[in-house]
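Residues in the sequence shown are numbered consecutively from -6, following our numbering. The block underneath contains the structure these notes are about, expressed in structure tokens.
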Amino acid sequence: MERRPADRPLIWINCAVSADGRLAYAEGRRARLSSPEDLERVHRLRAHSDAILVGIRTVLLDDPGLGVDWERIGEPERPGPLRLVVDSQGRTPPSARVVDGRAPTLLLTTRAGAARTPPGVPTLVAGDRRVDLAEAFRALRGRGVERVLVEGGGEIIASVLAEGLFDRWTVYLAPCVIGGRSAPTVVAGEDRPPRRPSLPLRLRSAERLAEGVLLTWEPALPAEAESRP
Ligand SMILES: NC(=O)c1ccc[n+]([C@@H]2O[C@H](COP(=O)([O-])OP(=O)(O)OC[C@H]3O[C@@H](n4cnc5c(N)ncnc54)[C@H](OP(=O)(O)O)[C@@H]3O)[C@@H](O)[C@H]2O)c1
């Protein structure tokens, strides 16, 4: 990661999707899409991040622990990165693994949601009704967080992309198809108006990883963006 934004941490989005671009099974039920090779890559990425971020719906649907599997990556165990949950309304359950005390956690919430977050879990308030990600990232940088790994889900990825708050995006394309109407796609969020320019990306690399493909995207350079549809 060579680019260093001045006013926020370096933001690396990472996710695993089916060959048809789905993040999960129907109705958002968790799909284990990473191969063992990809999992090793993800845990290395986690180990070298200061913080790992997910949206509240991922917490409610998947209950991820967001820890590092040190044994899998052959590194000595050490304190894991900060875990961040984007949770405007304070819906994180006190029983969620992400607040189990095994690593530090910070809930990114709003003025409206701050009073409802589980007791004893630190919060960072950014925004009135919906978490203002740009403001939260600036505040995190002020607290010494330099690298954030954004793991999803689709709503969070949509906001981070739409607001241009990312430096790299790795997508592991798994060798399977999920299909159907309700399986979420990798980028969710509000519908974009027709004829509004798509979000331009720049392909950094495409490599085979076991039976899948690892795509690495960056934001397009301004000149490239202008010449795109
Ligand atoms: N395959 C993978 O790599 C992977 C990784 C992670 C998740 N997933 C899947 O993704 C699915 C969950 O994704 P999701 O899109 O439903 O939810 P999500 O992105 O995990 O969380 C979205 C929620 O975050 C909150 N939020 C607050 N501020 C926001 C902002 N500025 N921008 C966007 N969201 C904001 C909103 O709830 P509030 O208004 O209540 O705050 C919103 O509904 C699950 O099915 C999970 O299995 C897959």
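Think of the CB as a built atom: it goes at the ideal place given N, C-alpha and C, for glycine as much as any other residue.
Measuring alpha carbon to alpha carbon, tell me which residue in the options is nearest residue i.
i, options, result
"residue 215", "111, 56, 206 and 192", "192"
"residue 66", "106, 133, 34 and 14", "34"
"residue 46", "146, 209 and 154", "146"
"residue 171", "11, 151, 2 and 180", "11"
"residue 112", "124, 125, 122 and 98", "98"
"residue 86", "105, 49, 149 and 207", "49"
"residue 186", "155, 105, 160 and 44", "155"
"residue 91", "132, 144 and 57", "57"
"residue 14", "219, 182, 194 and 169", "169"
"residue 83", "18, 117 and 17", "117"
"residue 75", "161, 88 and 59", "59"
"residue 88", "108, 107, 114 and 106", "114"
State the beta-bridge partners of residue i as determined by DSSP.
i, result
"residue 200", "207"
"residue 4", "141"
"residue 14", "Residue 14 pairs with nothing; no bridge assigned."
"residue 149", "Residue 149 pairs with nothing; no bridge assigned."
"residue 9", "165"
"residue 47", "78 and 145"
"residue 118", "102"
What distance in whole Å lies between the Cβ atoms of residue j and residue i, which are believed to be in contact at a cut-off of 8 Å?
i, j, result
"residue 199", "residue 30", "Contact doesn't hold; Cβ gap of about 16 Å is too wide."
"residue 3", "residue 217", "Rounded, the Cβ-Cβ distance is 21 Å, inconsistent with contact."
"residue 143", "residue 133", "Not a contact, Cβ separation roughly 12 Å."
Within a Cβ cutoff of 7 Å, which residues of the same chain sit near residue i, ignoring the five residues on either side of it in sequence?
i, result
"residue 241", "Look at the range of the chain in this structure, -6 to 222, and you will see that residue 241 is not part of it."
"residue 123", "81 and 103"
"residue 9", "26, 27, 31, 165 and 167"
"residue 205", "28, 31, 165, 166, 167 and 168"
Taking buried to mean at least 16 other C-beta atoms within 10 Å of its own C-beta, is residue i buried or exposed?
i, result
"residue 223", "Nothing can be reported for residue 223: it is not among the residues displayed for the chain, which extend from -6 to 222."
"residue 93", "exposed"
"residue 69", "exposed"
"residue 42", "buried"
"residue 207", "buried"
"residue 152", "buried"
"residue 100", "buried"
"residue 125", "buried"
"residue 184", "exposed"
"residue 39", "buried"
Can you find the residues in the same chain that come closer than 6 Å, C-beta to C-beta, to residue i, ignoring five residues on each side of it along the sequence?
i, result
"residue 21", "54 and 177"
"residue 212", "none"
"residue 63", "70"
"residue 256", "Nothing can be reported for residue 256, as the shown portion of the chain is limited to -6 through 222."
"residue 19", "173, 175 and 176"
What does a CB cutoff of less than 8 Å around residue i pick up in its chain, not counting 5 residues either side in sequence?
i, result
"residue 127", "1, 156 and 158"
"residue 107", "83, 116 and 118"
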